[in-house]
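Reviewing the structure listed below.
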Amino acid sequence: MRAEEVLSQRYFDREPLNASVPEALEIGMRLEKLRVVSRIRSIPPADLVALGLDWFLRGAVNDLNDIEAPWNQYRGSGTSPEIPRAEEVLQQRFIAREQLKASVPLELQLPHRLAMYKVSNRALRKVPVADIVAVAMDRWLRLMGF
7 MRAEEVLSQR
17 YFDREPLNAS
27 VPEALEIGMR
37 LEKLRVVSRI
47 RSIPPADLVA
57 LGLDWFLRGA
67 VNDLNDIEAP
77 WNQYRGSGTS
87 PEIPRAEEVL
97 QQRFIAREQL
107 KASVPLELQL
117 PHRLAMYKVS
127 NRALRKVPVA
137 DIVAVAMDRW
147 LRLMGF
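If you want our numbering, it's the 1-based position in the sequence shown plus 6.
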């Protein structure tokens, strides 16, 4: 089941997802900006994290048509040029990090899917799951214009 379908339900169980993401990516601030600019203040940031990670784990097509309505309508003016790409930041030896804590829908099995994604991609076997989360959220936020 897609994140959009799960999030449209009134009630669903949640599970914790914790990741230490690079501060330079400003993921928390970008999620909050998406909420305010799009006037979706009632949507918890954790649900936006679930949408972004689900999108990435389903194949991460760089197209808003891959995101179902109404979620595909929330567009920003573009990512600030001061925010480097996640792949660039993660190449640095020492990275200041911040915690990204989200209570995501249990039905999406995001922690399990992230672990499987890591195992399924040989080149990522030694990469921390938090770095995969950082790349996924950065790509999704850029697609959304934040």
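Yeah, the Cβ is synthetic: ideal placement off N, Cα and C, and Gly gets one too. Quantities reported herein were computed from a predicted structural model and do not represent experimental measurements.
Limits of the unbroken beta strand (DSSP E) element including residue i
i   : result
P50 : Segment: none, P50 is in no beta strand (DSSP E) and carries neither H nor E.
Integer-rounded CB distance, given that residue j should sit under 8 Å from residue i
i    : j    : result
L96  : P22  : So it is not a contact: roughly 23 Å between Cβ atoms.
A25  : A136 : 4 Å
L116 : A56  : 7 Å
Cβ neighbours of residue i in the same chain (closer than 8 Å, five flanking residues each side left out)
i    : result
F18  : V12, P111, L112 and E113
V133 : K124
Pair within 9 Å by beta-carbon distance, residue i and residue j
i    : j    : result
R36  : F152 : yes
R148 : R64  : no
G58  : M122 : no
A92  : L31  : yes
S126 : A52  : no
E10  : I89  : no
Endpoints, the alpha helix (DSSP H) within which residue i is located
i    : result
R64  : Neither: R64 is in no alpha helix (DSSP H) and is coded neither H nor E.
V43  : I33 to V43
R145 : V135 to M150
Y123 : L116 to S126
E11  : A9 to L13
E74  : Taken as a continuous stretch (DSSP letters only), E74 belongs to no alpha helix (DSSP H), as it is neither H nor E.
A92  : A92 to V95
Bridge partner(s) assigned by DSSP for residue i
i   : result
R20 : P111
V27 : E104
Spatial neighbours of residue i in its chain, beta-carbon cut-off 7 Å, leaving aside the 5 residues before and after
i    : result
G84  : G151
I49  : R41
Q105 : N24 and S26
F62  : A142, R145 and W146
N68  : L149
V43  : G82
Contacts around residue i, its chain only, beta-carbon distance under 6 Å, and the 5 residues preceding and following it disregarded
i    : result
P54  : The sequence shown places Leu at residue 54, rather than the Pro named in the question. Same-chain partners within the cutoff: L37.
V139 : A25
K107 : N24
Distance cut-off 8 Å: residue i Cβ against heavy atoms of the ligand PLP
i   : result
A66 : Summarising the ligand content, the structure contains no ligands, and the ligand PLP is consequently not present.
Residue-chain proximity (residue i, chain D), Cβ-Cβ < 9 Å
i   : result
L40 : As a matter of chain content, chain D is missing from the structure shown, which is built from one protein chain.
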